[in-house]
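A.B. asks: Here it is, the structure, as structure tokens.
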Amino acid sequence: MRLLPDRSFQERNLKVIATIGTVALVVLFALAFNLSRLPVVGAGTTYHAAFSEAAGLKEGDEVRLAGVKVGEVQGMHLDGKQIMVDFAVKDTWVGSSSSASIAIKTLLGQKYLALDSTGSTEMEKGGTIPLSRTTAPYDVTQTLSRLSSQVSEIDTGQLEQSFDALSSTFENTPDDLRGTLDGLTALSKTISTRDQQIAELLANTAKISQVLRERRAQIGSLIQDGNRLLAELQQRRQTISDLLRGTAELGTQLQGLVADNQDTLRPALAKLDRVSEILSRNQTNLDSAVKLLGPYYRVLTSAIGNGPWIDVYACGLFQTQGPDAGYPQLDNDVARNCNPGGKGGAQ
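The C-terminal position of the sequence shown is numbered 346 in numbering that gives the first Met the number 0, with every residue numbered one higher than the one before it.
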């Protein structure tokens with residue numbers, strides 16, 4: 000018995016097949032985009048925590064329990080006067096009396112959500128940790144910024160007048176109190192005279208905080224690279240130790256070699272010094288010889304480079320006239336005519 004008619008694919012209703020395929024694709028896309036929310040393969044169980052402020056916490060930050068990552072922050076939204084943080088943990092028991100805090104992960108201001116799981120029963124899924132059991136961190140950067148703004152608003156002139164009035168009021172007081180007030184007066188005058196410098200100092204502090212905040216990623220990457228370098232050096236510690244030990248042994252062996260051959264090396268080095276001295280004294284002659292060697296070898300190459308013979312031009316070797324005609328003239332004082340076709344003299 001057949002449940003489906005025995006028809007080919009072309010004989011079936013293509014519109015129905017296209018509709019079913021489209022619905023299946025939509026379902027697959029929906030599952031893909033919400034994979035982290037699925038109960039089995041998702042990010043885990045979702046809970047909520049109420050905070051007085053976000054304090055730099057953002058979506059995707061880690062959720063830690065006893066220093067171990069157990070989940071991540073999924074989102075945040077404003078709920079009245081408090082911030083509601085949505086987070087998910089996986090394979091973690093969260094007690095009904097658990098507390099949460101926003102902790103500082105790095106010196107550059109990166110945060111994470113720290114859980115303290117307490118209670119005799121497990122918190123129900125989707126439960127909320129109330130504001131009374133949550134704490135936000137103390138942000139140094141924001142505090143410095145607020146300090147800069149508040150100090151810049153102080154009227155230093157009025158502050159100086161106040162200290163002067165206080166000093167005048169307690170003029171007849173004992174010496175100890177008078178000295179204290181005099182010190183306060185001097186302090187107020189110092190602050191008043193250095194008002195511009197203090198303002199510039201606070202402004203520069205605010206700029207430094209801003210630069211550190213903007214370069215947080217680069218500085219964090221630099222610290223991580225340094226950690227990787229230290230880890231690599233730790234792994235190569237044995238290799239570096241062997242290299243240093245081998246270098247020390249080589250130095251010891253070379254020292255022994257020099258000591259053993261010192262009697263042989265000393266005369267050789269002395270002779271080498273003398274040779275160097277002779278070459279240094281004859282530097283000019285050596286330069287002249289090198290300059291003359293070039294033309295000499297060029298003429299020699301021209302004479303013997305045409306074949307297995309030597310090309311020679313002998314000028315005025317034989318006497319062409321007179322009683323000695325036809326005989327070679329080897330005397331240096333004989334007049335020679337080296338012009339072919341000329342008259343008189345030896346040719």
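For glycine and all other residues, C-beta sits at the position ideal for the given N, C-alpha and C.
Is the beta carbon of residue 88 sitting closer than 8 Å to the one on residue 117?
C.D. replies: Not in contact: residue 88 and residue 117 (Cβ atoms no closer than 8 Å).
A.B. asks: In three-state DSSP terms, what is residue 101?
C.D. replies: In this structure, residue 101 counts as strand in the three-state DSSP scheme.
A.B. asks: Smallest Cα separation from residue 106: which of 217, 96, 286, 269?
C.D. replies: The residue with the shortest Cα to Cα distance from residue 106 is 217.
A.B. asks: Going by other Cβ atoms of all chains shown within 10 Å of its Cβ, with 16 needed for buried, is residue 296 buried or exposed?
C.D. replies: exposed
A.B. asks: With distances taken between CB atoms, is the gap from residue 97 to residue 122 smaller than 8 Å?
C.D. replies: yes
A.B. asks: Less than 8 Å between the beta carbons of residue 127 and residue 185, yes or no?
C.D. replies: Residue 127 is not a Cβ neighbour of residue 185, given a cutoff of 8 Å.
A.B. asks: Reducing DSSP to helix, strand and coil, say where residue 89 ends up.
C.D. replies: coil
A.B. asks: Below 6 Å CB to CB, which residues in the same chain sit around residue 194 once its five sequence neighbours on both sides are set aside?
C.D. replies: Within the same chain, 155 come within 6 Å of residue 194 by CB-CB distance, once the 5 residues on both sides are set aside.
A.B. asks: Please look up how many angstroms separate the CB atoms of residue 63 and residue 113, rounded, as I've assumed it's under 8 Å.
C.D. replies: 5 Å
A.B. asks: Identify every residue that forms a DSSP beta bridge with residue 127.
C.D. replies: Listed as beta-bridge partners of residue 127 by DSSP are 47.
A.B. asks: Taking contact to mean at least 3 C-beta pairs separated by less than 8 Å, is the stretch 64-80 in contact with the stretch 156-164?
C.D. replies: no
A.B. asks: Could you work out which residue in 56, 151, 90, 91 is closest to residue 109 when comparing CA atoms only?
C.D. replies: 56
A.B. asks: Which residue marks the beginning of the beta strand (DSSP E) containing residue 53, and which one marks its end?
C.D. replies: Run containing residue 53: none; DSSP gives neither H nor E here.
A.B. asks: Grab the span of the alpha helix (DSSP H) containing residue 198 for me, first residue to last.
C.D. replies: 194-213
A.B. asks: List the residues that DSSP assigns as beta-bridge partners of residue 122.
C.D. replies: The partner list for residue 122 (beta bridge, DSSP) is empty, contrary to what the question assumes.
A.B. asks: Which of the three DSSP states, helix, strand or coil, is assigned to residue 115?
C.D. replies: Correct three-state label for residue 115: strand.
A.B. asks: Once the 5 residues before and after residue 119 are set aside, which same chain residues still bring their CB inside 7 Å of it?
C.D. replies: none
A.B. asks: Measuring only the C-alpha atoms, how far is residue 67 from residue 208?
C.D. replies: 30 Å
A.B. asks: If we ignore side chains and look at the alpha-carbon of each, how far apart do residue 237 and residue 272 end up?
C.D. replies: 44 Å
A.B. asks: Opposite residue 248 in the DSSP bridges: which residues?
C.D. replies: Its beta-bridge partners do not exist; DSSP assigns none.
A.B. asks: Starting from the N-terminal side, write out each stretch of the beta strand (DSSP E) that is 3 residues or longer and does not extend beyond the stretch 279-309.
C.D. replies: none
A.B. asks: Let me know the secondary structure DSSP gives residue 63 once reduced to three states.
C.D. replies: strand
A.B. asks: If you draw a straight line from the C-alpha of residue 191 to the C-alpha of residue 103, how long is it?
C.D. replies: 38 Å
A.B. asks: Does the beta-carbon of residue 300 have 16 or more other beta-carbons within 10 angstroms, so that it is buried, or is it exposed?
C.D. replies: exposed
A.B. asks: Give the DSSP-derived three-state secondary structure of residue 420 in the structure shown.
C.D. replies: It is not possible to answer for residue 420, since the shown part of the chain is limited to 0 through 346.
A.B. asks: By Cβ distance, which residues of its chain are closer than 6 Å to residue 74, with the 5 residues on each side in sequence left out?
C.D. replies: Cβ neighbours of residue 74 beyond the five flanking positions: 58, 85.
A.B. asks: Output the distance between the C-alpha atoms of residue 247 and residue 234, rounded to the nearest integer angstrom.
C.D. replies: When rounded, the distance between both Cα atoms is 22 Å.
A.B. asks: Can you give the Cα-Cα distance for residue 285 and residue 231, rounded to whole angstroms?
C.D. replies: 56 Å
A.B. asks: Within this structure, are the beta carbons of residue 91 and residue 72 separated by less than 8 Å?
C.D. replies: no
A.B. asks: Quick check on residue 187: buried or exposed, where buried means 16 or more other Cβ atoms within 10 Å of its Cβ?
C.D. replies: buried
A.B. asks: Taking the DSSP output, what are the residues bridged to residue 189?
C.D. replies: Among the bridge pairs identified by DSSP, residue 189 is matched with none.
A.B. asks: Do residue 347 and residue 100 have their C-beta atoms closer together than 8 Å?
C.D. replies: The structure shown does not extend to residue 347, since the chain is modelled only from 0 through 346, so no value can be given for it.
A.B. asks: Suppose you measure from the CA of residue 189 to the CA of residue 150; what does that come to, to the nearest Å?
C.D. replies: 15 Å
A.B. asks: Looking at residue 54: is its Cβ nearer than 8 Å to the Cβ of residue 136?
C.D. replies: yes
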